[in-house]
Amino acid sequence: AQSVTQLGSHVSVSEGALVLLRCNYSSSVPPYLFWYVQYPNQGLQLLLKYTTGATLVKGINGFEAEFKKSETSFHLTKPSAHMSDAAEYFCAVSDGPGGTSYGKLTFGQGTILTVHP
Amino acid sequence: KAGVTQTPRYLIKTRGQQVTLSCSPISGHRSVSWYQQTPGQGLQFLFEYFSETQRNKGNFPGRFSGRQFSNSRSEMNVSTLELGDSALYLCASSHDRDLYNEQFFGPGTRLTVL
Numbered sequence: 037a038q039s040v041t042q043l044g045s046h047v048s049v050s051e052g053a054l055v056l057l058r059c060n061y062s063s064s065v066p067p068y069l070f071w072y073v074q075y076p077n078q079g080l081q082l083l084l085k086y087t088t089g090a091t092l093v094k095g096i097n098g099f100e101a102e103f104k105k106s107e108t109s110f111h112l113t114k115p116s117a118h119m120s121d122a123a124e125y126f127c128a129v130s131d132g133p134g135g136t137s138y139g140k141l142t143f144g145q146g147t148i149l150t151v152h153p
Numbered sequence: 034k035a036g037v038t039q040t041p042r043y044l045i046k047t048r049g050q051q052v053t054l055s056c057s058p059i060s061g062h063r064s065v066s067w068y069q070q071t072p073g074q075g076l077q078f079l080f081e082y083f084s085e086t087q088r089n090k091g092n093f094p095g096r097f098s099g100r101q102f103s104n105s106r107s108e109m110n111v112s113t114l115e116l117g118d119s120a121l122y123l124c125a126s127s128h129d130r131d132l133y134n135e136q137f138f139g140p141g142t143r144l145t146v147l
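Residue numbers (this note's numbering), protein chains in the order written: chain A, 37 to 153; chain B, 34 to 147.
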């Protein structure tokens, strides 16, 4: 069964500092990995995804993530935090379509990012 | 292209009642998934529909049901509401030819059960 662990339910950084949100996954097949962001009272917005190919993926708003198979990790980073980055971030894994995976993403518990001025 | 829309955005019900939530996917998307989001359990998969057929189902009681119409719009129904059903219900759509389950989410329906 798939699972996702996000280390740290709350992360606090200063504006301009590096953002690092950690995600480790467990999957029996090569995974497809996603990071979503959720602002208060809104749905989830896709930041970036890893499917195949290049292991360093770039997303919107200056975020990027690196797929490390040996470490089963997909950590999200941003070189310089902005106040507008304050939100909750979710890492998710999919096996792709088929069988018990149709339409199903398995999410981590989320990390709330706070950005201090 | 319009995004995923969900109606209503907010609902207040009492225990024992039933509720129906609606979701319209992105034009051209025929796969619709539903999730329940609560502070304690996080985001949990309810079910997925494609071409009016349920292809996948999460671990929820039979009080939770859904359906999909020929225009890909989907509804989910919760009968005999319990206090623990209070949650944000999110709908997501995916393109037919998507191989990775990349999903686009709506704003959600906030259900409060009193």
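Even glycine gets a Cβ: it sits at the ideal position worked out from N, Cα and C. The structure presented is a predicted model; accordingly, all values stated were derived computationally and were not measured.
DSSP three-state assignment for residue i, whether helix, strand or coil
i               : result
N97 of chain A  : helix
S120 of chain A : helix
S137 of chain A : helix
G75 of chain B  : strand
G91 of chain B  : coil
L92 of chain A  : strand
G22 of chain B  : Outside the displayed span of chain B (34 to 147) sits residue 22 of chain B, for which this structure offers no information.
V65 of chain A  : coil
Y75 of chain A  : coil
N60 of chain A  : strand
Y68 of chain B  : strand
A125 of chain B : strand
Q145 of chain A : coil
R100 of chain B : strand
F37 of chain A  : Here the sequence assigns Ala to residue 37 of chain A, which means Phe is not the residue at that position. A37 of chain A: coil per DSSP, three-state reduction.
A53 of chain A  : coil
L132 of chain B : coil
T47 of chain B  : coil
K105 of chain A : coil
Cα-Cα separation, residue i to residue j
i               : j               : result
Q39 of chain B  : L79 of chain B  : 16 Å
L44 of chain B  : T145 of chain B : 6 Å
V151 of chain A : V65 of chain B  : 34 Å
N134 of chain B : I59 of chain B  : 15 Å
G44 of chain A  : S103 of chain B : 43 Å
H118 of chain A : G98 of chain A  : 10 Å
T41 of chain A  : G146 of chain A : 9 Å
F97 of chain B  : G52 of chain A  : 45 Å
L128 of chain B : G144 of chain A : Here residue 128 of chain B is His; the residue named in the question, Leu, does not match the sequence. Straight-line Cα distance between these residues: approximately 23 Å.
Q26 of chain B  : T88 of chain A  : For residue 26 of chain B there is no data in the structure shown, the boundaries of chain B being 34 and 147.
S107 of chain B : P153 of chain A : 43 Å
Q70 of chain B  : Q50 of chain B  : 20 Å
Y125 of chain A : L149 of chain A : 7 Å
Q81 of chain A  : T113 of chain B : 32 Å
E102 of chain A : T47 of chain B  : 46 Å
K94 of chain A  : Y86 of chain A  : 9 Å
W67 of chain B  : G61 of chain B  : 18 Å
Assumed close pair residue i, residue j - CB separation to whole angstroms, cut-off 8 Å
i               : j               : result
V37 of chain B  : S126 of chain B : 5 Å
L123 of chain B : F138 of chain B : 6 Å
P140 of chain B : G79 of chain A  : 5 Å
Boundaries of the beta strand (DSSP E) in which residue i is found, first to last residue
i               : result
V37 of chain B  : That residue, V37 of chain B, is in no beta strand (DSSP E); it is neither H nor E in DSSP.
R143 of chain B : 142–146
S60 of chain B  : From DSSP, S60 of chain B is part of no beta strand (DSSP E); its letter is neither H nor E.
S48 of chain A  : 46–50
K114 of chain A : 109–114
E85 of chain B  : Note, E85 of chain B: premise wrong, no beta strand (DSSP E); not H, not E.
Q81 of chain A  : 80–86
S107 of chain B : 107–111
Residue i CB to nearest heavy atom of the ligand MN below 6 Å
i               : result
S103 of chain B : With respect to the ligand MN, the structure shown offers nothing to examine, as it has no ligands at all.
Any C-beta of chain E under 7 Å from that of residue i
i               : result
L123 of chain B : No chain E appears in this structure, whose protein chains are A and B.
Problem set entry | the segment 105–125 of chain A: positions lying closer than 9 Å to chain B by Cβ | none
Exercise. Residues in the segment 90–120 of chain B with C-beta within 8 Å of chain A's C-beta atoms, listed in sequence order?
Worked result: G91
Exercise. Using a beta-carbon distance cut-off of less than 7 Å, what residues from the segment 66–82 of chain B approach chain A?
Worked result: S66, G75, L76, F78, E81
Exercise. Just by C-beta distance, which residues in the segment 47–66 of chain B are closer than 7 Å to chain A?
Worked result: S64, S66
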